Structures are given as C-alpha cells and as structure tokens.
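In the numbering used here, the protein residues as written are 98 to 665. No residue lacks a Cβ here, since even glycine has one placed at the ideal position from N, Cα and C. The structure presented is a predicted model; accordingly, all values stated were derived computationally and were not measured. Okay, so here's the structure we're looking at.
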C-alpha cells in the first residue's frame with residue numbers, strides 16, 4: 098500500500114514525498130482513513146511506528162477548508178512534554194508546507210507575550226501541554242468552544258505525570274460535537290475509563306499487543322553493582338560500536354553527575370532533564386541531532402515520543418521504576434525499520450523491577466556474558482598440596498592498611514621477631530602461658546604482655562603484714578592530725594538567718610506610681626506648641642536635699658554671718 102491509496106490531497110502527498118516516505122506504516126494505514134471519515138479513534142501501537150503522522154496527515158487535509166478566529170483554535174493537540182510538543186509542531190511544518198495553516202505552540206518555560214500575540218491572530222492548530230493551556234485559559238486569553246478536533250497523544254505518559262485531571266477539565270471546556278483521537282503505546286485501565294467517558298463510539302486500532310517491544314531491538318541485561326556502573330558504561334561505550342547513544346537515568350542529580358563524569362573521560366556528552374530551561378533543552382537536542390555530541394544523558398523527560406534518527410544504542414543506567422517506561426526508553430532506537438541495541442544495568446536491588454518488565458512485555462530478556470561484568474577480585478594462587486589460610490586468600494583483596502602518623506610501617510616478620518625476642522619473666526609464668534610460645538611460633542602479631550599482680554596466682558603474692566585485733570587498734574579520731582583536730586570549725590551565718598521584709602516580693606504598694614504625680618498644665622501646653630516638654634520631677638520641686646546645703650540651696654561654706662547693721 099502507498100500513500101496514494103489513503104485518499105490524501107495532492108499537496109499533502111507531495112510534502113510526504115519530499116520527506117522521503119512512500120509507504121505508510123501499519124498504524125498509519127489503519128488510522129488515516131478512519132480519521133478522514135470523522136470518527137473517534139483509539140490507536141495503540143509500539144513506539145517508533147509513526148503514530149504522530151497518523152493524526153497529523155489527516156488533520157492537515159481536514160483543516161484545509163475553513164478559517165480561524167481570534168482566540169478560538171480550530172483543533173487542539175495535547176502533549177505531555179515540551180519536547181514532544183515541539184516535535185509535533187515540526188511535523189506540521191514539514192507536512193503542511195504547501196498548506197496555509199496557522200499554528201501556535203503553548204509550552205512552559207516561554208514568555209506569555211509571543212503566545213498571546215499568536216492567539217490573538219487566530220490559529221488553526223494549537224499544540225499545548227496541559228499546564229500552560231490551563232494557565233492561558235484562566236487568564237482569559239483563549240476560548241476552547243470552537244475546537245472541532247481533539248488529539249490526546251501519549252495518553253499513558255499523561256497518566257504517569259498526573260495530567261489526567263487536567264485533561265478531564267480541558268475536555269469539559271470543549272463542545273460535545275467534536276472528533277476525539279487518542280494515541281498511546283499502552284492502554285492501562287484509567288486511560289480506558291477516560292476514553293469511555295469522553296469519546297463517542299471510538300474505533301479501536303491496535304496494530305500490536307500493548308506494551309510490546311520492537312523486534313529490531315537487541316535487548317540485554319548486564320549485572321553489576323552501583324559502584325561499578327560508571328566504569329562499566331565507559332567500557333561499553335568504547336568497546337561496542339556506539340555511534341550515537343542515549344543514557345537514561347531515574348534522577349536528575351544522577352543525570353548531572355554522570356554527564357560530568359563522562360566529560361572528564363573526554364567523551365562528547367550532553368544532558369537533558371526537567372530542571373533545565375526550555376532554551377537549554379532545545380539547544381542540547383539540536384546538538385545531538387546535528388551529531389555535535391554523540392551521547393545524551395537524559396531523564397524520562399526524553400523517553401516519550403522523541404524521534405531522533407540514527408540512535409544506535411540505548412543504555413538504561415538505572416532500571417526504570419515503571420515497566421511502561423522501559424518500553425518507551427528502548428523505543429528511541431530501532432526506529433523506522435532500523436536496528437538498535439538496548440542494554441540495561443541490573444543491580445541486586447533491581448531484580449524485582451526487571452521481573453515486572455519481563456511480565457509486562459511477555460518475554461525473558463537475555464543476560465550478557467561475564468566478559469562485560471565488573472571483574473571480581475581473584476584470590477591468591479595456592480600451591481597444590483599446601484594449606485592456605487583465610488588471611489592468605491584475602492590478602493590481595495584487602496586494601497593496604499595505612500600506618501599511623503609519625504610511625505613507619507612494620508612488616509609481619511619484624512613484628513613476630515620482636516615478639517619472640519621480648520624478655521618474659523620466668524617466675525611469673527603460669528600453666529596457662531604454655532600456649533603463648535606456640536601462638537608466637539605460628540605468626541601471631543601480638544607480643545606477650547607481662548602479667549600484673551592481679552594476673553599472678555594467689556600463692557605467688559607476698560603475704561600481708563600481720564594485723565592487730567580490732568580491740569588493740571587506736572581509735573580513728575585519735576589518729577588524726579593534731580592541727581586538724583584542735584582547729585575550731587568556722588561558723589557561717591545561714592542564708593535563712595538574714596533579715597527579710599515581711600512584705601511579699603511582688604508587693605509594690607509603697608512605691609509611688611507615675612499616675613500619682615500632680616497634673617501640670619504647662620507641660621501639656623508645651624507639647625501642643627511642638628516643643629520638647631521640660632522634665633519636672635517631684636524631687637526638683639522639693640529642692641536639693643543633702644549634707645552641707647542651706648535652706649536656700651546655697652552651700653553652707655558660702656554663708657557669711659550678717660552684721661548688726663545689716664540685721665537692723
């Protein structure tokens with residue numbers, strides 16, 4: 098079957114031929130005629146089989162007739178990520194270059210100004226993420242009552258990212274008489290419930306069993322540990338025929354750390370994750386598409402729908418938490434009939450996740466040979482017929498012990514020699530010491546220590562002096578020092594003997610409050626005039642009080658006795 102058999106317009110067939118396609122894929126051949134007939138459609142197919150063109154091509158022919166109005170788009174396409182929305186916009190530009198259709202892209206990380214101006218002019222195709230579309234609708238910049246075609250792309254990814262409540266709210270803004278298209282690689286029960294609620298007698302197009310992987314992808318598992326992942330990844334990148342590769346990680350911090358480590362190894366590496374600005378993410382994707390870099394370390398933000406040609410390898414640095422993510426991750430390679438390789442690193446903690454993936458896909462993923470696993474530490478070779486101790490076996494595996502600061506390391510032979518040559522007093526030996534020379538002869542590192550008085554047998558201790566009976570001993574008080582016995586004890590007054598006032602501690606009735614002061618109208622007048630009121634205290638009105646001052650406030654030594662004439 099060719100594209101001419103799908104009843105597409107001449108201008109659209111010319112654009113498809115310019116893109117280099119002649120035969121449609123299975124999902125395209127089954128979905129395009131149903132969409133042109135105006136029926137609701139549910140498309141389930143493997144990733145990388147051309148689901149995007151299944152709705153882009155018929156929409157271009159349907160929207161070729163008619164005109165758009167300001168702030169009222171004629172069609173709406175919902176995408177879970179910014180990168181996937183931008184990719185769909187590129188498909189519309191590529192296949193609709195011979196049609197005069199206006200298009201707008203509403204994604205986060207971009208200023209509202211350009212988007213508002215595009216909506217004011219009116220658009221035929223609106224491609225948006227749910228979050229930014231809800232923001233524009235709440236601002237009153239867009240009306241969804243004129244949407245004739247609704248496309249929900251990557252519906253299972255919408256479910257994983259928690260966008261289903263927003264999608265249901267967006268569907269409530271649309272008119273009931275519309276055409277709804279839903280595409281997904283898997284069909285979990287919540288997506289089936291969504292389709293039953295918002296779709297009218299949809300046609301089910303299921304090209305392959307849901308959650309199946311592409312047969313052109315060679316899958317394998319490599320067992321390793323968490324510490325050996327980086328070295329194993331570098332070894333595989335250098336040893337295998339890796340032209341371009343995408344390395345998937347579960348966490349954004351792991352993406353940054355791994356990209357930095359690979360750059361230090363002089364590899365052409367880029368990174369993409371959710372914390373990056375939209376301009377930076379687009380720049381990294383453009384560098385990867387132009388082969389400026391050949392390794393892209395990414396989180397699951399790049400695992401859905403990205404169509405990057407020529408990806409030879411996919412490395413799952415971390416086993417995916419959700420089994421569906423595994424299908425979308427490895428779908429970045431082996432696209433458009435090409436061969437691909439998918440390698441997943443497995444640690445002991447990932448065995449349960451791998452079992453869930455194999456249960457979902459219905460196949461057992463082969464494990465790679467031990468040549469790509471991290472080499473284990475080999476034990477020291479033992480001579481045949483010679484007994485080897487555990488210390489000798491693990492001597493090579495154990496790291497060398499760092500000597501203490503200021504001390505030189507001593508060999509075991511020197512330690513054993515010093516232990517044998519150490520003098521041992523013969524008179525303090527006991528029957529239990531007979532095993533110590535044998536232990537030293539076998540290579541024990543601990544030198545024999547001298548026994549103290551407690552370790553000696555009771556017979557070897559010196560006898561105590563004969564003690565007098567208790568009645569003949571001197572009393573303890575008489576044995577004290579005479580100076581201490583004759584010195585009288587100093588008596589200090591107790592704290593409770595101090596005289597205290599009978600008043601309670603919190604009683605302030607004797608204190609003079611500020612409200613008891615006589616009212617002074619002069620101070621109030623000065624405050625009204627804006628002047629600083631003078632300070633007037635009762636002590637100032639009573640006059641100075643103190644020794645050496647007279648009644649008039651003059652020091653006593655300045656007073657001169659008056660004469661009789663002055664008194665008269």
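Asked                                                                                                                    : Found
Test item: CB-CB of residue 202 and residue 248 under 8 Å                                                                : no
DSSP-derived helix/strand/coil call for residue 359                                                                      : helix
Residue from 132, 303, 444 whose Cα sits closest to the Cα of residue 144                                                : 303
The stretch 421-439 / the stretch 308-328 touching (three or more Cβ pairs under 8 Å)                                    : yes
Three CB pairs or more closer than 8 Å across the stretch 150-160 and the stretch 127-135                                : yes
Boundaries of the alpha helix (DSSP H) in which residue 425 is found, first to last residue                              : 420-427
Pick from 434, 141, 407 that is closest to residue 390, judged by C-alpha positions                                      : 407
Burial state of residue 262 (16 or more Cβ within 10 Å)                                                                  : exposed
Local conformation of residue 210 per DSSP, three classes                                                                : helix
For residue 393 and residue 376, the rounded distance between their alpha carbons                                        : 16 Å
Straight-line Cα distance separating residue 465 from residue 668                                                        : Since the first and last residues shown for the chain are 98 and 665, residue 668 lies out of range.
Beta carbon of residue 112 nearer than 8 Å to that of residue 197                                                        : no
Residue 235 - DSSP class collapsed to helix/strand/coil                                                                  : helix
At least 3 beta-carbon pairs within less than 8 Å: the stretch 99-106 vs the stretch 232-245                             : no
Same chain only: Cβ atoms within 8 Å of residue 342, ignoring 5 sequence neighbours per side                             : 334, 391, 392, 393, 408, 409, 410, 411, 412
Whole-angstrom C-beta distance between residue 404 and residue 184, which should lie under 8 Å                           : 6 Å
Three-pair Cβ contact test at 8 Å for the stretch 214-224 versus the stretch 160-178                                     : yes
Short Cβ contact (8 Å threshold) for residue 122 with residue 146                                                        : yes
CA-to-CA distance, residue 289 to residue 233, given in whole angstroms                                                  : 28 Å
Nearest neighbour of residue 53, chosen from 388, 437, 386, 447 [CA to CA]                                               : Any question about residue 53 goes unanswered here, given that the chain covers just 98 to 665.
Counterpart residues of residue 300 in DSSP-defined beta bridges                                                         : 138
DSSP three-state assignment for residue 413, whether helix, strand or coil                                               : strand
Per-residue burial, residue 316 [other beta carbons within 10 Å of its own, 16 or more giving buried]                    : buried
Residue 676: first and last residue of the uninterrupted alpha helix (DSSP H) it sits in                                 : Nothing can be reported for residue 676, as the shown portion of the chain is limited to 98 through 665.
Rounded straight-line distance, which links the Cα of residue 379 to that of residue 373                                 : 10 Å
Residue 367 (DSSP reduced to helix, strand or coil)                                                                      : strand
Beta-carbon spacing of residue 327, residue 355 below 8 Å                                                                : yes
Nearest-angstrom Cα separation, counted from residue 432 out to residue 239                                              : 37 Å
Cβ neighbour criterion (16 or more within 10 Å) applied to residue 210                                                   : exposed
Simplified DSSP assignment, three categories, for residue 183                                                            : helix
Option in 139, 331, 136, 191 with minimal Cα separation from residue 157                                                 : 191
Neighbour-count burial assignment, residue 251, 16 or more Cβ in a 10 Å radius                                           : buried
Same chain only: Cβ atoms within 8 Å of residue 116, ignoring 5 sequence neighbours per side                             : 191, 192
Nonlocal neighbours in the same chain, by C-beta distance under 6 Å from residue 454, ignoring five residues either side : 420, 423
Coil, strand or helix - residue 228 by DSSP                                                                              : helix
Whether residue 141 touches residue 155 by CB criterion (8 Å)                                                            : no
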